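Student: Right, I'll just put the structure down here and ask away after.
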Amino acid sequence: MAAGLGLAAAIAAAGPAPDLDGLIARHAEARGGEAAIEAVPTFECDIGIVEPTFEVDGTYVATRDGRMRVDIRADGQRVFTEALDRERAWTWSPNDGLRDGSTAGTAALRHGIELPFKLFGLHEIRDRGHRLEFVGREVLDGTN
Numbered sequence: 014m015a016a017g018l019g020l021a022a023a024i025a026a027a028g029p030a031p032d033l034d035g036l037i038a039r040h041a042e043a044r045g046g047e048a049a050i051e052a053v054p055t056f057e058c059d060i061g062i063v064e065p066t067f068e069v070d071g072t073y074v075a076t077r078d079g080r081m082r083v084d085i086r087a088d089g090q091r092v093f094t095e096a097l098d099r100e101r102a103w104t105w106s107p108n109d110g111l112r113d114g115s116t117a118g119t120a121a122l123r124h125g126i127e128l129p130f131k132l133f134g135l136h137e138i139r140d141r142g143h144r145l146e147f148v149g150r151e152v153l154d155g156t157n
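Per my numbering, numbering through the sequence shown is continuous, rising by one, with the last residue being 157.
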């Protein structure tokens, strides 16, 4: 009983769940503040792709000004590139050469840049034409 009361007191002391603006502010603070997030011009990471019949490595790069590129390598050799040059998407492979990307592909690449946590913070999403909504909490494996 005492443990249950202690837990209830700890939850009550945490205060009410924040609203959307509170969550956005906490997100920015956790990442070093809005200015720190906005000061990052480029995001780059190495990736590994494991499929049933092959494994490849790659490098993904995206910039705040709307460009991105992913180069895929097999055995150290580039075998595929997909990129977005602000408005135009394209792909390259040794067999097919350079090809224009589709409208859907261009939108998908742009969406990948826009997702928060790479380059942009949640505080920037609305100004970039997106909508955020706090739909509440959920219970996962018994934890709220």
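Backbone N, C-alpha and C fix where the C-beta goes; we use that ideal spot for every residue, glycine too. All figures in this text were calculated on a predicted structure; none of them were measured in a lab.
1. Taking all protein chains shown into account, decide if Pro-31 is buried (16 or more other Cβ within 10 angstroms of its Cβ) or exposed.
2. Indicate whether at least one CB of chain C lies closer than 7 Å to the CB of Glu-95.
3. Could you check if Phe-133 is buried or exposed, using at least 16 other CB atoms within 10 Å of its CB as the buried criterion?
4. When we look at the beta-carbon of Ile-60 and count the other beta-carbons within 10 Å, is it buried (16 or more) or exposed?
5. In whole angstroms, what separates the C-alpha of Val-92 from that of Asp-109?
6. Could you tell me the distance, in whole angstroms, from the CA atom of His-143 to the CA atom of Glu-47?
7. Could you tell me the alpha carbon to alpha carbon distance between Asp-88 and Asp-70, rounded to whole angstroms?
8. Spell out a yes or no on whether the region 35–55 and the region 113–123 are touching, meaning 3 or more CB-CB pairs, one atom from each, closer than 8 Å.
9. Look at Arg-99 and Arg-112 and say whether their C-beta atoms are less than 7 Å apart.
10. What are the residues that DSSP puts in a beta bridge with Ile-62?
11. Check each candidate in Trp-105, Leu-97, Ile-138 and Ala-49 and name the one with the smallest Cα separation from Ile-85.
12. Measuring alpha carbon to alpha carbon, tell me which of Gly-155, Ile-62, Leu-135 and Arg-82 ends up nearest Phe-146.
13. Mind checking who Arg-112 pairs with in its DSSP beta bridge?
14. In the DSSP assignment, find the unbroken beta strand (DSSP E) run with Leu-97 in it and report its ends.
Tutor: In this structure, then:
1. As a working note, residue 31 is residue 18 in the sequence shown. Under this definition Pro-31 is an exposed residue.
2. Structure shown: chain C not included; a single protein chain is present.
3. Along the sequence shown, one-based indexing puts residue 133 at 120. Buried.
4. Numbered from 1 along the sequence shown, position 47 holds the residue referred to as residue 60. By the 10 Å Cβ count, Ile-60 comes out exposed.
5. Here the question's residue 92 lines up with position 79 in the sequence shown. Here the question's residue 109 lines up with position 96 in the sequence shown. The alpha-carbon separation between Val-92 and Asp-109 amounts to approximately 11 Å.
6. Residue numbering aside, residue 143 sits at position 130 when the sequence shown is read from its first letter. Residue numbering aside, residue 47 sits at position 34 when the sequence shown is read from its first letter. Cα to Cα, the separation comes out at about 18 Å.
7. Against the sequence shown, residue 88 aligns to sequence position 75. Against the sequence shown, residue 70 aligns to sequence position 57. Taking the straight line from one Cα to the other gives about 9 Å.
8. no
9. Residue mapping note: residue 99 aligns to position 86 of the sequence shown, counting from 1. Residue mapping note: residue 112 aligns to position 99 of the sequence shown, counting from 1. Cβ atoms of Arg-99 and Arg-112: not closer than 7 Å.
10. By 1-based counting over the sequence shown, the position of residue 62 is 49. Looking at the DSSP assignment, Ile-62 forms a beta bridge with Val-69.
11. For the purposes of this step, residue 85 is taken as residue 72 along the sequence shown, with counting starting at 1. Residue Trp-105 is the option with its Cα nearest to Ile-85.
12. As a working mapping, residue 146 is identified with position 133 in the sequence shown. The amino acid occupying residue 146 in the given sequence is Glu; Phe does not appear at that position. It is Leu-135.
13. Translated into positions along the sequence shown, residue 112 becomes position 99. Thr-104.
14. In the sequence shown, residue 97 corresponds to position 84, counting from 1. From DSSP, the beta strand (DSSP E) with Leu-97 extends over 90–98.
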